[in-house]
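Asks:
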Amino acid sequence: MALDQQSCAPCRGGTPPLTGEQAKGYMEQVPKWTLSADGKRIGRAFSFDNFRDALRFVNRVGELAEEQGHHPEITFGWGYARIEIWTHKIDGLHENDFILAAKIDRL
1 MALDQQSCAP
11 CRGGTPPLTG
21 EQAKGYMEQV
31 PKWTLSADGK
41 RIGRAFSFDN
51 FRDALRFVNR
61 VGELAEEQGH
71 HPEITFGWGY
81 ARIEIWTHKI
91 DGLHENDFIL
101 AAKIDRL
């Protein structure tokens, strides 16, 4: 099943983060995202024509995050938004991070 068709599942502490190879496999499914140098986060920058459009997008991402129970780091301003995703409980990447990224791409 495609990542954007799945739902984030609660992650428990003590679950091991994805290995580098596992993360790379998921990255193929969200090619617009980048993997951090330490392999613990994924991120993407988005461009907009103005502040209002960036804010509208950020609000939609916020609603999606609440719905999925998985919350990214978001920074935004006039004409841009930057999103970073990782699973805080395990200080690394989990399948949920890629599910959320795919759902954000669909927005």
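In full-length UniProt numbering, the protein residues as written are 1 to 107.
Cβ atoms here follow ideal geometry from the backbone N, Cα and C, with glycine treated the same way.
Note that the coordinates shown come from a computational prediction; the quantities given were computed from them, not determined experimentally.
1) With which residues is E73 paired in a DSSP beta bridge?
2) Please confirm whether I68 and C8 have their CB atoms less than 8 Å apart.
3) Is DSSP giving F48 helix, strand or coil here?
4) Confirm, please, whether the CB-CB distance from L107 to F57 is below 8 Å.
5) When you compare the region 60-78 with the region 23-36, are there three or more beta-carbon pairs, one atom per stretch, that lie closer than 8 Å?
6) Figure out for me which residue from I90, N96, D38 and H71 has the closest Cα to the Cα of G13.
Replies: With the structure as the only source:
1) Mapped onto the sequence shown, residue 73 falls at position 73. Answer by DSSP bridge pairing, in chain order: E84.
2) Walking along the sequence shown from the start, residue 68 turns up at place 68. Walking along the sequence shown from the start, residue 8 turns up at place 8. At residue 68 the sequence reads Gln, which differs from the Ile that was named. The answer is yes: Cβ separation under 8 Å.
3) One-based indexing of the sequence shown puts residue 48 at position 48. Reduced to three states, the DSSP call for F48 is coil.
4) Here the question's residue 57 lines up with position 57 in the sequence shown. Here the question's residue 107 lines up with position 107 in the sequence shown. Taking 8 Å as the Cβ cut-off, F57 and L107 qualify as a contacting pair.
5) no
6) Position 13 of the sequence shown holds residue 13. Checked all of I90, N96, D38 and H71; the closest Cα to G13 is I90.
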